[in-house]
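What follows is a set of notes on a single structure, which appears directly below.
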Amino acid sequence: MVSVSSYHISNKAYAKILLHSAKYSMDPVYGVLLGSLNTDGSSDGSVVVSDVVPMFHSHWILSPSMQFGMEQIEIYAKQTGLAIVGSYSGNELASTLSVQPAVAKAASDIDAHFQGGALLLMLDVACIKKQTFAVIPLTLQNTTWKPLNNTPATHDDDCHSYAMGLIKRSLYNQIYDLDNHLEDISLNWLTNNALKI
Numbered sequence: 001m002v003s004v005s006s007y008h009i010s011n012k013a014y015a016k017i018l019l020h021s022a023k024y025s026m027d028p029v030y031g032v033l034l035g036s037l038n039t040d041g042s043s044d045g046s047v048v049v050s051d052v053v054p055m056f057h058s059h060w061i062l063s064p065s066m067q068f069g070m071e072q073i074e075i076y077a078k079q080t081g082l083a084i085v086g087s088y089s090g091n092e093l094a095s096t097l098s099v100q101p102a103v104a105k106a107a108s109d110i111d112a113h114f115q116g117g118a119l120l121l122m123l124d125v126a127c128i129k130k131q132t133f134a135v136i137p138l139t140l141q142n143t144t145w146k147p148l149n150n151t152p153a154t155h156d157d158d159c160h161s162y163a164m165g166l167i168k169r170s171l172y173n174q175i176y177d178l179d180n181h182l183e184d185i186s187l188n189w190l191t192n193n194a195l196k197i
């Protein structure tokens with residue numbers, strides 16, 4: 001089992017989560033966190049979330065494309081020297097912060113694959129409006145996804161302002177998820193290389 005002493009969320013990862021949510025502000029969103037576990041030879045490690053891959057803006061759990069998407073993300077992660085370290089979710093109703101059962105199941109599968117220590121970032125839309133960091137970091141604790149207790153989750157000071165600047169420039173129009181790719185296979189949902197951030 002992985003023992004994680006800290007988490008760090010990069011500006012790029014955070015911005016892509018907010019851009020995905022801004023593009024589909026009336027829909028639930030879900031994506032996968034990519035990063036690395038740095039152990040420096042000790043038993044504890046720090047997880048750095050350096051990127052995300054947006055997957056769905058629909059009721060994705062009913063879709064057979066979930067397994068296909070996860071397989072593609074795993075291949076992409078290995079090609080880029082990263083690993084799947086968790087997932088993110090934004091609920092359909094902005095006022096709802098609870099982890100939906102389908103999200104909990106998908107996140108738990110990632111946690112099992114990661115051997116414990118995976119992160120689930122829940123989007124809090126109210127914080128976006130308050131101009132504050134807008135994700136709640138959760139970990140699996142006794143079969144339930146709960147906020148981090150004693151493990152810090154850090155981010156750069158300009159993380160939120162950086163993401164909001166991209167939203168103001170309407171860059172959310174340049175982010176694509178697996179749902180988009182299934183409608184138009186020319187859209188690169190894995191790299192989102194049209195999005196220059």
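Going by full-length UniProt numbering, the sequence shown opens with residue 1, and the numbers climb by one from there. No residue lacks a Cβ here, since even glycine has one placed at the ideal position from N, Cα and C.
Note the first and the last residue of the continuous beta strand (DSSP E) segment covering residue i.
i	result
Val52	44–56
Ala104	Taken as a continuous stretch (DSSP letters only), Ala104 belongs to no beta strand (DSSP E), being part of the alpha helix (DSSP H) at 101–113.
Ile9	3–9
Using the Cβ count rule (16 or more neighbours within 10 Å means buried), how would you classify residue i?
i	result
Pro54	buried
Thr139	buried
Asn142	exposed
Lys16	buried
Pro137	buried
Ser170	exposed
Ala112	exposed
Asn149	exposed
Ile175	buried
Ala77	buried
Ala194	exposed
Ala126	exposed
DSSP on residue i, reduced to helix/strand/coil?
i	result
Leu140	strand
Asn38	strand
Met26	coil
Ser98	coil
Ala15	helix
Ala83	strand
Gly116	coil
My understanding is that residue i touches residue j, with C-beta atoms under 8 Å, so please give their C-beta distance in whole angstroms.
i	j	result
His57	Asp27	5 Å
Val48	Ser36	5 Å
Pro152	Ser25	The Cβ separation is near 30 Å, so there is no contact.
Leu121	Gly86	7 Å
Ala107	Ala118	7 Å
His155	Gln131	Their Cβ separation, rounded to whole angstroms, is 14 Å, which puts His155 and Gln131 out of contact at 8 Å.
Leu19	Tyr172	4 Å
Asp44	Ser3	5 Å
Lys23	Ile197	With a Cβ gap of about 14 Å, Lys23 and Ile197 do not count as contacting.
task = Give, in chain order, every unbroken run of the alpha helix (DSSP H) that is at least 4 residues long and sits entirely within the region 127–186.
result = Within the region 127–186, the complete alpha helix (DSSP H) runs of at least 4 residues are 159–168, 178–183.
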